[in-house]
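**Student:**
Below you can see the structure in the form of structure tokens.
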């Protein structure tokens, strides 16, 4: 089975766990999955094996604590050290997939909103004019912001595993919402603060949507090839 199939099987098997064992296992799953640059295939195989151990113990009347002890974080750290790193080719393809997905969403949304506001509300223009130099600079800076956003969120989620005191769901939601809003604000701020430089061109606004669709298709193709490696 490939990683995707193992994840689907894992999702089904987790339904067999008791509430206590599920909470214990999901902390392990979160902590291990968010360990950077580890092989996805090996990671999912390890997680499925852990799950099967807990299910078997549960059938015998034992709990996850009985199997892995009271310090699952330390156990997970030992396991992570044994999981090989992801291959460079898969890392590059995954990064390319994320970048293309991000650019596809930005381009498509920009094109559709610009088209709708002009043709239905008579606002703006059917052409978008921008400077190539500043456009490239904006994309690069926004990608750096995206990288920091993902890295911080992943670290925060990983650190939320094995909490001494469970945080309320609404508090977690507010924290993520506030950080996401700040990141979106930074994306927009970069656009407004970036001075124009380089050659200026004008293209039909709706063409951004077409570019977005093309980038999305390319991203899906790259991700499909990544899963075949």
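In UniProt numbering, the protein residues as written are 1 to 229. For each residue, glycine too, the CB sits at the ideal point set by N, CA and C. None of the values given here were measured: they were computed from a predicted structure.
Find out if the Cβ-Cβ distance for the pair residue 204, residue 122 is shorter than 8 Å.
**Tutor:** no
**Student:** Determine the DSSP secondary structure at residue 130, reduced to helix, strand or coil.
**Tutor:** strand
**Student:** Reducing DSSP to helix, strand and coil, say where residue 84 ends up.
**Tutor:** coil
**Student:** From this set, 8, 68, 159 and 38, which residue's C-alpha is nearest residue 48's C-alpha?
**Tutor:** 8
**Student:** Alpha carbon to alpha carbon, what distance is there between residue 117 and residue 37?
**Tutor:** 43 Å
**Student:** Give the DSSP-derived three-state secondary structure of residue 202 in the structure shown.
**Tutor:** Shown here, residue 202 sits in a strand according to DSSP, grouped into three states.
**Student:** Would you report the Cα separation of residue 77 and residue 50, rounded to the nearest angstrom?
**Tutor:** 14 Å
**Student:** Buried or exposed: which applies to residue 201, given that a residue is buried once 16 or more other Cβ atoms fall within 10 Å of its Cβ?
**Tutor:** exposed
**Student:** Residue 66 lies in the alpha helix (DSSP H); which residues open and close that run?
**Tutor:** 64-68
**Student:** Cβ of residue 208 within 8 Å of Cβ of residue 64?
**Tutor:** no
**Student:** Considering only the beta carbon of each residue, do residue 133 and residue 198 sit closer than 8 Å?
**Tutor:** yes
**Student:** Return the CA-CA distance between residue 26 and residue 80, expressed in angstroms with no decimal places.
**Tutor:** 16 Å
**Student:** In terms of residue numbering, what span does the alpha helix (DSSP H) encompassing residue 28 cover?
**Tutor:** 19-33 is the span of the alpha helix (DSSP H), which, as asked, contains residue 28.
**Student:** Just checking, does the stretch 138-154 make contact with the stretch 169-183 on the three C-beta pairs under 8 Å criterion?
**Tutor:** Touching, per the Cβ criterion.
**Student:** Following the continuous alpha helix (DSSP H) through residue 183, name the residue where it begins and the one where it ends.
**Tutor:** Note, residue 183: alpha helix (DSSP H), 169-193.
**Student:** Roughly how many angstroms separate the alpha carbons of residue 214 and residue 96, rounded to a whole number?
**Tutor:** Their Cα atoms are separated by approximately 14 Å.
**Student:** Just the Cα atoms here: how many angstroms apart are residue 105 and residue 124?
**Tutor:** 21 Å
**Student:** How many angstroms separate the CA atom of residue 29 from the CA atom of residue 35?
**Tutor:** 10 Å
**Student:** Whole angstroms are fine: how far does the CA of residue 155 sit from the CA of residue 170?
**Tutor:** Roughly 19 Å separates the two Cα atoms.
**Student:** Tell me the residue span of the alpha helix (DSSP H) that contains residue 2.
**Tutor:** Counting along the chain, residue 2 falls outside any alpha helix (DSSP H), and DSSP gives it neither H nor E.
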